[in-house]
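Residue numbers (our numbering): 3 to 282.
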């Protein structure tokens, strides 16, 4: 069975992936209308991050749709916590890139993932202001486009040496002045170019082969569940700077994440922590 540019065969999570697109469709108009709205209320959370009532409104809409369509599944959301039980968990980040959203920067989106037995099997990034989506389901490949019917399959790049690599890092100060500061400086000095596309975009660009390495300073499970499913299906690798997996950790645990095309992963880890690897 073929659906536009999406694929020629049905995989086990295709129905869920179609639902993820329906979920993204259901909030897109509201999200765009509230984007950079003058009346948008913004507050600062305990960890210093920005929050807005728009995120809660969008999550409420997503939960309403999931309650109708997947009433037996557990839902874990950044704003409203967890509801339900079971091995199938929908992990929802209704508004990733809140600081961009409230300032009028178009790099923001909705991240949706399905986690089964603690493994992300489906991920979708919907970025209305960029007119793009990226998605993947286990066994179905990774894709980008505006809709399911107007999409192209993507793979990570084949870049094999750091000197030819394009790196995107968010929160550069945290990398420079954190525990990996010396390694980060050496890594960016060795690579071809360094940019700061930020938030989900860095990692989505790795999945489609436009960027070779994405470095996230503080990513939590609401982000990594989606990005891990996407990048893995595109052929890449995701870990923390020490090489440990990032999926399945506690929702509130924001920590650094390294996303690569796979071939560069070990070299990036070695560059970020040269002293630690030498001692080991």
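From the three backbone atoms N, C-alpha and C, an ideal C-beta is built for every residue, glycine too.
Since this is a predicted model, take the numbers as computed values, not measurements.
Backbone CA spacing between residue i and residue j [nearest angstrom]
i	j	result
residue 19	residue 148	14 Å
residue 16	residue 172	32 Å
residue 155	residue 145	4 Å
residue 198	residue 119	34 Å
residue 221	residue 101	15 Å
residue 194	residue 165	5 Å
residue 271	residue 244	7 Å
residue 66	residue 188	48 Å
residue 178	residue 44	29 Å
residue 126	residue 137	4 Å
residue 27	residue 276	45 Å
residue 130	residue 112	9 Å
residue 3	residue 90	Residue placement at residue 3 cannot be trusted, given a pLDDT of 32 that sits under 50; what the coordinates show is reported in the next sentence. Whole-angstrom Cα-Cα distance: 26 Å.
residue 274	residue 186	5 Å
residue 281	residue 72	With a pLDDT of only 47 at residue 281, under 50, the local geometry of the prediction cannot be trusted, and no value is derived from it.
residue 22	residue 174	32 Å
residue 203	residue 161	19 Å
residue 41	residue 103	13 Å
residue 153	residue 184	40 Å
residue 80	residue 92	11 Å
residue 59	residue 269	42 Å
residue 8	residue 151	At residue 8 the pLDDT is 47, less than 50, meaning the model places this residue with poor confidence; the figure from the coordinates comes in the next sentence. Each residue's Cα considered, the two are about 6 Å apart.
residue 264	residue 157	11 Å
residue 47	residue 108	22 Å
residue 30	residue 176	32 Å
residue 207	residue 34	22 Å
residue 11	residue 134	Any reading at residue 11 must be qualified, since the residue scores a pLDDT of 45, below 50, and its modelled position is unreliable; no value is offered.
residue 256	residue 224	10 Å
residue 236	residue 201	19 Å
residue 63	residue 128	15 Å
residue 106	residue 210	25 Å
residue 212	residue 68	33 Å
residue 239	residue 95	21 Å
residue 167	residue 217	13 Å
Beta-bridge pairing of residue i - partner residues as DSSP gives them
i	result
residue 45	53
residue 274	Beta-bridge pairing links residue 274 to no other residue.
residue 153	147
residue 262	215, 239
residue 84	78
Residue i, enclosing beta strand (DSSP E) - first and last residue
i	result
residue 220	215-221
residue 185	No beta strand (DSSP E) contains residue 185, which is instead part of the alpha helix (DSSP H) from 183-192.
residue 240	239-241
residue 126	121-129
residue 77	76-79
residue 177	Premise fails: residue 177 lies in the alpha helix (DSSP H), 174-179, not in any beta strand (DSSP E).
residue 72	Taken as a continuous stretch (DSSP letters only), residue 72 belongs to no beta strand (DSSP E), as it is neither H nor E.
residue 170	168-171
residue 22	Segment 16-36 is the alpha helix (DSSP H) holding residue 22; no beta strand (DSSP E) there.
Residue interval of the alpha helix (DSSP H) (run including residue i)
i	result
residue 117	Element bounds for residue 117: not the alpha helix (DSSP H) but the beta strand (DSSP E), 111-118.
residue 161	Neither: residue 161 is in no alpha helix (DSSP H) and is coded neither H nor E.
residue 104	100-105
residue 142	Unbroken run through residue 142: none, as it is neither H nor E.
residue 204	201-209
Top-ranked residue by Cα proximity to residue i, from the options
i	options	result
residue 53	78, 99, 274, 116	99
residue 141	124, 51, 261	124
residue 116	240, 78, 85, 34	78
residue 247	226, 232, 236, 85	226
residue 121	106, 39, 240, 231	231
residue 97	139, 70, 86, 38	38
residue 159	205, 132, 110	205
residue 132	51, 170, 110	110
residue 143	234, 51, 249, 61	234
Presumed contact (8 Å Cβ cut-off) between residue i and residue j, rounded CB distance
i	j	result
residue 191	residue 266	Rounded, the Cβ-Cβ distance is 16 Å, inconsistent with contact.
residue 219	residue 258	6 Å
residue 114	residue 228	6 Å
residue 75	residue 83	The Cβ separation is near 15 Å, so there is no contact.
residue 56	residue 36	4 Å
residue 242	residue 261	With 8 Å as the limit, residue 242 and residue 261 do not qualify as a contact, their Cβ atoms being about 11 Å apart.
Any non-hydrogen atom of the ligand PLP within 7 Å of residue i CB
i	result
residue 119	No copy of the ligand PLP appears in this structure; indeed no ligand is present at all.
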